[in-house]
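Read the structure below first, then the notes.
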Amino acid sequence: MVRCSDGTYYYGQVLVGADGASSAVRQSLFRQMKEEGTLPKVDQEEQQFRQVSLLGTTNSLNPKKHPDLKDSFSNFKIILHRNSPYM
Numbered sequence: 009m010v011r012c013s014d015g016t017y018y019y020g021q022v023l024v025g026a027d028g029a030s031s032a033v034r035q036s037l038f039r040q041m042k043e044e045g046t047l048p049k050v051d052q053e054e055q056q057f058r059q060v061s062l063l064g065t066t067n068s069l070n071p072k073k074h075p076d077l078k079d080s081f082s083n084f085k086i087i088l089h090r091n092s093p094y095m
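FYI, in the working numbering the residues of the sequence shown are 9 to 95.
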């Protein structure tokens, strides 16, 4: 059961909290599990920060050549150069 700040309740089998590793949902759930003795030891250890980021920029692209640019919504595609080391 999940109780929201507006007083509504939700019931289900699975809770997905998509607000990050330091989220309020995760902290609340882990606190309850620790009190019950059901929190796995690996989840009681300090979180390791491991991240690799790659950021690129491009000049404006022609929507005729790249028709996805005409869409009113976002999407994700991977476009790699033939000789790219990041394949």
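Note that beta-carbon positions come from the ideal geometry of N, C-alpha and C, so glycine has one too. On a predicted model such as this, the values are computed, not experimentally measured, just so you know.
Query                                                                                                                     : Result
Run of the alpha helix (DSSP H) containing A32, from where it starts to where it stops                                    : A32 to E44
G20 versus R11: straight-line alpha-carbon distance, rounded                                                              : 12 Å
Beta-carbon gap between G25 and R39 smaller than 8 Å                                                                      : no
Beta-carbon proximity of L69 to L77, cut-off 8 Å                                                                          : yes
C-beta contact flag for A2 and Q55 at 8 Å                                                                                 : With the chain covering 9 to 95 only, the question about residue 2 has no answer from this structure.
Chain-order list of residues whose beta-carbon lies under 7 Å from that of L47 (same chain, five-residue window excluded) : F38 and M41
Through-space distance from D51 to T16, alpha-carbon basis                                                                : 29 Å
Run of the alpha helix (DSSP H) containing D51, from where it starts to where it stops                                    : K49 to Q52
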